[in-house]
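In our numbering, the protein residues as written are 15 to 276.
Below, the structure written as structure tokens:
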């Protein structure tokens, strides 16, 4: 297979189970050296060793919390110190808070979502973009959510902050295009894994059905009649991170099996 990311260095935040892990592995399989970042160090070390063993690529685990603004610059600096460059950034890290109805919100805690999904994410994008611009270009990929299009009751805090992230990503794409830095968003559909199972259990409880039945109901409403896998998102990130997507920027790519067609 043609490895389109040979010689490139990628940084993946939120590199835990699911989309983050799958994306880090997919980037390495396509030839990139990969820095993986998340809050918990032990699983990160396991993933870094797995990447190196399976793909032969170099991998570095860097525990990091993007709620701390100083962490983003330190993360980029560590990547450059270890590998000498940064070509691809994939931001999977997110904060998801189901606070209930907006009229019942504790607005004093709203800043948690803002700090993670907007400020922390875009601060890392800015730190990475400056490095990429200086080296002649790069690709930034932020992970979005269907909740920005299919607005969900009791999820306004999450959806509003992610919607702001999409808008800021497109603005950065416009601002950094002249430096050959591309910025895109990949929006997943209903993605298999433990978080989705928990979501369907909660939805099912409200509807008086099992989580499995709720999963089937939701799948029937999707154009392709199925849920997606983390690997589907990972492959989209590999494409957007590679030179095959050299003229793709400012795009929100929906990988949803047709869960939302507008």
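Every residue gets a Cβ at the ideal spot worked out from N, C-alpha and C, and that includes glycine. Since we're looking at a predicted model, the values are computed, not measured.
For residue i, the three-state DSSP class (helix, strand or coil)
i	result
residue 219	helix
residue 196	strand
residue 275	coil
residue 141	helix
residue 181	helix
residue 57	helix
Check whether residue i and residue j have beta carbons under 8 Å apart
i	j	result
residue 42	residue 58	no
residue 247	residue 206	no
residue 132	residue 87	no
residue 103	residue 154	yes
residue 171	residue 127	yes
residue 264	residue 161	no
residue 109	residue 52	no
residue 36	residue 257	no
Among the options, the one whose alpha carbon lies nearest that of residue i
i	options	result
residue 230	245, 210, 246	210
residue 48	54, 88, 61	61
residue 97	23, 53, 39	23
residue 185	255, 89, 136, 118	136
residue 146	115, 101, 125	101
For residue i, the residue or residues it bridges with in DSSP
i	result
residue 241	Answer is none; residue 241 lacks a bridge partner.
residue 52	77
residue 266	199
residue 153	102, 196
residue 47	23
residue 205	242
is_contact[residue i, chain B] using C-beta, thresh 8 Å
i	result
residue 144	In summary, chain B is missing from the structure at hand, where a single protein chain is found.
Near the ligand SAH: residue i beta-carbon under 7 Å from a heavy atom
i	result
residue 271	With respect to the ligand SAH, the structure offers nothing, as it holds no ligand at all.
Which full runs of the alpha helix (DSSP H) of 4+ residues lie inside the stretch 91-137, going along the chain?
124-127
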